[in-house]
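Just below is one structure, and these are the notes that go with it.
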Amino acid sequence: MLNRRLTRRDFLKFSAAAGGSALLAACGGGAATCDPITGADAIALETLTECATAEGQLTTIALPHDWANYGEIIETFKTTYNLTINELDPNAGSAEELEAIRANMDNPGPQAPDVIDIGIGRTTVAMADGLVAAYKVSTWDSIPMKDPDGYWWAEYYGALVFEGNLDIVENMPEDWEDLLRPEYRGMVAMAGDVLQSNESVQTVLGAGLSRTGGVFEGAAEAGLQFWKEVNDAGNFVPVISDVGKIAQGETPLTVQWDYLALANRDTLAGNPELGIVVPRTGVITGPYAGGISAYAPHPYAARLWWEFVMSDAGQLLYLEGYAHPIRFNDMAARGVIPEELAAKLPPAEAYANAIFLSIEQLQEANAHITENWRSVVFGE
């Protein structure tokens, strides 16, 4: 059962209630011992709050304010816990996030991220290279996709859609093969660099899954061949698209996550009108995974951040930004999702054929696509 609409004040109350006297602890109401953290078990919110307050700040990376409502999430966290947020390179890709940890292993300064938000296909590398620390947030049992030892957990997911500037794109494509039409010459773009961005790797894979009828085997190579054809036809624009480029007509037809396209529609408010289409086939979903740097300069603040983001309050803020919170089913069953938030998403039937791949499949596809992108698509 769904509930009434929550106000911003309700979000703040939600956050405080989740840990009882968390806000009192932030004001000095406790005497927590902030020892080095060695285990993965959830830490009492009062302790996290007091120790994070002593640390004074949190360093994030790759969290654009217009991505999955991260602007509101960051601001609400700051308001709730009165911490400074040091935001590194908001437009970094998943690979760059991991590189930022590697480059700052011995540097506790402002360039060292505390927390990361990466494509789920990058999690094995993060673990194998010892870049992430284990932690199981207090809502752990209701998270359906996660590492059993706590090294990463899914936070939210989206599905790829076609987003078009209707002043330029007269007829929106309905499926991947439509992107090869001559009418889209010099129009089709991605929202990131395939070599760095999980979203763009998924854009290649989604096209491949459309060609294989949803079968994973051979889909990565089929996707590369598809984008080679789009490029050979003169339709591909090798520019990283954003809302400004879409509005200005530089990249008028872009493939990206549904939550970003829907947020862009709100931002542009009809100037120009945007068309948003979920493709008929190859509807690939992309979960993003949260993690804590094994070298986090602010380890308590990092854990406090994830307690907030993975709480009901934090998950509802993702939904405010059109992203699908990973704990949606649990929250819906408990009746804590406001009707107005649920109604903001496209109709459920548009996602009836959505494809959820395993971690192993995503990692295999990521490796094949990034290794062969430039040679197959551009002949380099």
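Be aware that the sequence shown starts at 1424, since it is given in my numbering, and climbs by one per residue. In this text, a Cβ means the ideal position worked out from N, Cα and C, and glycines have one as well.
In three-state terms, what does DSSP make of ASN1776?
Locating residue 1776 in the sequence shown gives position 353, where the first residue counts as 1. Of the three classes helix, strand and coil, the one that applies to ASN1776 here is coil, per DSSP.
Which ranges would you report for the beta strand (DSSP E) in the region 1594-1664 if only whole runs of at least 3 residues count?
With a minimum length of 3 residues, the continuous beta strand (DSSP E) runs that stay inside the region 1594-1664 are 1611-1613 and 1659-1663.
Can you tell me whether PRO1770 is buried or exposed, with buried defined as 16 or more other CB within 10 angstroms of its CB?
One-based indexing of the sequence shown puts residue 1770 at position 347. The residue in question, PRO1770, is exposed, as its Cβ has fewer than 16 Cβ neighbours within 10 Å.
Can you say whether GLU1794 is buried or exposed, counting buried as having 16 or more other CB atoms within 10 angstroms of its CB?
Your numbering for residue 1794 matches position 371 in the sequence shown. Classification of GLU1794: exposed, given that the 10 Å Cβ count is below 16.
If you run the structure through DSSP and keep just helix, strand and coil, what is ASP1735?
The residue you call residue 1735 lines up with position 312 of the sequence shown. Three-state result, ASP1735: helix.
Would you check if there are 3 or more beta carbon pairs closer than 8 angstroms linking the region 1747-1758 to the region 1557-1569?
Counting Cβ pairs under 8 angstroms, three or more are found: they touch.
Can you tell which of TYR1718, MET1528 and VAL1701 has the C-alpha that lies nearest to the C-alpha of MET1595?
Numbered from 1 along the sequence shown, position 172 holds the residue referred to as residue 1595. Closest option to MET1595, Cα to Cα, is VAL1701.
Roughly how many angstroms separate the alpha carbons of ILE1715 and HIS1791, rounded to a whole number?
By one-based count along the sequence shown, residue 1715 stands at place 292. By one-based count along the sequence shown, residue 1791 stands at place 368. Each residue's alpha carbon lies about 27 angstroms from the other.
Whose CA, out of ALA1684, ALA1777 and ALA1788, lies closest to the CA of TRP1490?
Counting from 1 along the sequence shown, the entry for residue 1490 is found at position 67. Of ALA1684, ALA1777 and ALA1788, the residue nearest in Cα terms is ALA1684.
Consult DSSP for ASN1588 and reduce its assignment to one of helix, strand or coil.
By 1-based counting over the sequence shown, the position of residue 1588 is 165. Strand at ASN1588.
Grouping DSSP H, G and I as helix and E and B as strand, with all else coil, what is ILE1543?
Looking up residue 1543 in the sequence shown gives position 120. In the structure shown, ILE1543 sits in a helix (DSSP, three-state: H, G or I).
CA-CA distance, ASP1464 and GLU1673?
Taking the sequence shown and counting its residues from 1, one reaches residue 1464 at position 41. Taking the sequence shown and counting its residues from 1, one reaches residue 1673 at position 250. Each residue's alpha carbon lies about 49 angstroms from the other.
What's the call for GLY1451, buried or exposed, on a 16-neighbour Cβ count within 10 Å?
Here residue 1451 refers to the residue found at position 28 when the sequence shown is read from its first residue. Note that GLY1451 scores 41 on pLDDT, short of 50, meaning its location in the model is unreliable; the coordinates nonetheless yield the value given after this. The residue in question, GLY1451, is exposed, as its Cβ has fewer than 16 Cβ neighbours within 10 Å.
Would you decide whether SER1517 is buried or exposed? Buried here means 16 or more other CB atoms lie within 10 Å of its CB.
As a position in the sequence shown, residue 1517 is number 94, starting the count at 1. It counts as buried.
Under 8 angstroms between the Cβ atoms of ASN1654 and VAL1800?
The sequence position of residue 1654 within the sequence shown is 231, counting from 1. The sequence position of residue 1800 within the sequence shown is 377, counting from 1. Against a cut-off of 8 angstroms, the Cβ pair of VAL1800 and ASN1654 comes out as a contact.
Nearest-angstrom Cα distance between PHE1731 and THR1507?
On the sequence shown, residue 1731 is found 308 positions in, with the first residue counted as 1. On the sequence shown, residue 1507 is found 84 positions in, with the first residue counted as 1. Those two C-alpha atoms are separated by around 15 angstroms.
Going by Cα to Cα distance, which pick from TYR1504, ALA1549 and THR1502 is closest to ARG1525?
For this step, residue 1525 is matched to residue 102 along the sequence shown. It is ALA1549 whose Cα lies nearest to the Cα of ARG1525.
Below 8 angstroms CB to CB, which residues in the same chain sit around ILE1497 once its five sequence neighbours on both sides are set aside?
For the purposes of this step, residue 1497 is taken as residue 74 along the sequence shown, with counting starting at 1. The answer, listed in chain order, is THR1483, LEU1486, HIS1488, ILE1508 and GLU1510.
Looking at the structure shown, is LEU1506 part of a helix, part of a strand, or coil, going by DSSP?
Here residue 1506 refers to the residue found at position 83 when the sequence shown is read from its first residue. Three-state DSSP puts LEU1506 in coil, outside helix and strand.
Under the assumption that GLY1698 contacts GLY1587 (Cβ atoms under 8 angstroms), give the Cβ distance between them as a whole number of angstroms.
The sequence position of residue 1698 within the sequence shown is 275, counting from 1. The sequence position of residue 1587 within the sequence shown is 164, counting from 1. Going by Cβ atoms, the distance from GLY1698 to GLY1587 rounds to 4 angstroms, so yes, they are a contact pair.
Does the beta-carbon of VAL1662 have 16 or more other beta-carbons within 10 angstroms, so that it is buried, or is it exposed?
For the purposes of this step, residue 1662 is taken as the residue at position 239 of the sequence shown. VAL1662 should be labelled exposed.
Would VAL1627 pass as a contact of GLY1646 if the rule is Cβ separation under 8 angstroms?
To locate residue 1627, count along the sequence shown from 1; it is residue 204. To locate residue 1646, count along the sequence shown from 1; it is residue 223. Contact flag set, yes.
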